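Just below is one structure, and these are the notes that go with it.
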Amino acid sequence: MKKIGLVRHHRVTEGYPTKGWISASDIEKWIERYDTSDIDIQPVELGQIDWTVCYASSMPRAVQTARSVYDKEIIVTDLLREVPFPAIRSNLRLPFLGWAVLGRIAAPFSKRIQAEIKDANERIEVLLNQLMFEDDERVLLVGHGGMMILMRAALKRRGYRGPRFGHPRNGMLYLFEKEEPTC
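Residue numbers (our numbering): 266 to 448.
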């Protein structure tokens, strides 16, 4: 049985903006801080599974998380990089939650955001195709929440069974399994 474990990076210490009404440029500056922020390393329960290989997104928070949970060589790859937060050009000032909602509402209508999601799905397919040709039976993938949602859908299409999640928790294992046909 092939097992693929998805782990979202540990919680980032750079909190969400809370100073009230903020501009689009404030959001961009926050994203830059978030992308380089330290993480709060916590124990991760990996299900007593002897993982044979670990892939991590090339973003620092994912690499640091992978190093904290996996003590062998880690394959760092851009294929697991996060889908970027949608950049919005506006002079509006909104609370952070307003920007998050606006980004979600704009996503289906934005050609740029749809292109980013398409690119992320293509990267996932490349990685999963690559994994099909490797002998590793227990693969740990450390990445980001948005990518995990897309990865879950891709794994389900390929016949893997695993948990549902809407917003993956930081530092938690989501295990997907697939029965391999016997020859």
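From the three backbone atoms N, C-alpha and C, an ideal C-beta is built for every residue, glycine too.
It should be emphasised that the depicted structure is a prediction, and the values quoted were computed from it without experimental measurement.
Taking all protein chains shown into account, decide if residue i is buried (16 or more other Cβ within 10 angstroms of its Cβ) or exposed.
| i | result |
| --- | --- |
| Lys294 | exposed |
| Lys268 | buried |
| Arg366 | Note that residue 366 corresponds to Val in the displayed sequence, not to Arg. Under this definition Val366 is an exposed residue. |
| Thr330 | buried |
| Pro428 | exposed |
| Phe398 | exposed |
| Pro433 | buried |
| Ile292 | buried |
| Tyr425 | buried |
Excluding the five sequence neighbours on either side, which residues of its own chain have a C-beta within less than 7 Å of the C-beta of residue i, listed in chain order?
| i | result |
| --- | --- |
| Trp286 | Arg358, Leu359 and Pro360 |
| Thr278 | Ser302, Asp303, Ile304 and Asp305 |
| Tyr299 | Val277 and Glu279 |
| Leu438 | Gly270, Val272, Val309, Glu310, Leu311 and Gly312 |
| Gly411 | Glu347 and Val348 |
What is the C-beta distance between residue i and residue j, in whole angstroms, given that I count them as a contact (C-beta under 8 Å)?
| i | j | result |
| --- | --- | --- |
| Ala419 | Leu393 | 6 Å |
| Gly368 | Ile353 | 7 Å |
Cutting at 6 Å between CB atoms, please list the residues of its own chain near residue i, excluding the five before and the five after it.
| i | result |
| --- | --- |
| Ser333 | Ile306 |
| Ser288 | Arg358 |
| His274 | Arg326, Ala327 and Thr330 |
| Ile339 | Cys319, Ala321 and Ala331 |
What does DSSP give as the partner residue(s) for residue i in the beta ladder?
| i | result |
| --- | --- |
| Val231 | Residue numbering for the chain in the displayed model covers 266 to 448; residue 231 lies beyond these limits and cannot be assessed. |
| Leu392 | Leu392 is not bridged to any residue. |
| Phe441 | Ile269 |
Query raised in the report: Per the contact definition of three or more C-beta pairs closer than 8 Å, is the region 393–411 in contact with the region 342–349?
Result: yes
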